[in-house]
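Visitor:
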């Protein structure tokens, strides 16, 4: 992705230090084509996971699941993953339902933008493409 006037890059922290299952703040797709969610799992001792389910809504009230849930897992104490969302394939509002395992602390950050440098989305994001 590029950071210039054409892409309209926006970085937003939508949830930090999440230790129980919860929904992130909703993102609006207005004026953006793509969103990357960066999910960071901090779990002392390793082996912890976070299951992330993307949800969308027309009104910001009634949400439905989009695609399959993504599991961010690792053998180390710190692990992270990214999920690419194409806003043209979702409704107006998007959020993530995050379910950490055990004592995992999870933070979720979002970057919204308008253009990918490469048309191959998988080359930009390692975990999941919606």
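In the numbering used here, the protein residues as written are 952 to 1081.
Glycine is no exception: its CB is placed at the ideal position from the N, C-alpha and C atoms.
What you are looking at is a predicted structure, and each value in this text was computed from that prediction instead of being measured.
1) Which residues does DSSP list as the beta-bridge partners of residue 1031?
2) Confirm, please, whether the CB-CB distance from residue 1046 to residue 980 is below 7 Å.
3) Could you tell me whether the stretch 1055-1065 touches the stretch 1008-1018, where touching means 3 or more Cβ pairs closer than 8 Å?
4) Use the C-beta contact count for residue 1007: other C-beta atoms within 10 angstroms, 16 or more gives buried, fewer gives exposed.
5) On a Cα-Cα basis, can you pick out the residue from 1005, 992 and 988 that is closest to residue 1023?
6) Determine the direct distance from the alpha carbon of residue 1028 to that of residue 1065, and round the result to whole angstroms.
7) Exposed or buried, what is residue 976 when buried is set at 16 or more other beta-carbons lying within 10 Å of its beta-carbon?
8) Just tell me which of 1049, 1041, 1017 and 983 has its CA closest to the CA of residue 1062.
Guide: In terms of the structure at hand:
1) What you label residue 1031 is simply residue 80 of the chain shown in a count that begins at 1. Answer by DSSP bridge pairing, in chain order: 991.
2) Stepping through the chain shown from its first residue, residue 980 is reached at position 29. Stepping through the chain shown from its first residue, residue 1046 is reached at position 95. Cβ atoms of residue 980 and residue 1046: not closer than 7 Å.
3) no
4) By 1-based counting over the chain shown, the position of residue 1007 is 56. Buried, by the Cβ-count rule.
5) On the chain shown, position 72 is the one that residue 1023 refers to. When only C-alpha atoms are compared, the closest one is 992.
6) By 1-based counting over the chain shown, the position of residue 1065 is 114. By 1-based counting over the chain shown, the position of residue 1028 is 77. For residue 1065 and residue 1028, the distance between alpha carbons rounds to 33 Å.
7) If you number the chain shown from 1, residue 976 lands on position 25. Classification of residue 976: exposed, given that the 10 Å Cβ count is below 16.
8) Taking the first residue of the chain shown as position 1, residue 1062 is located at position 111. When only C-alpha atoms are compared, the closest one is 983.
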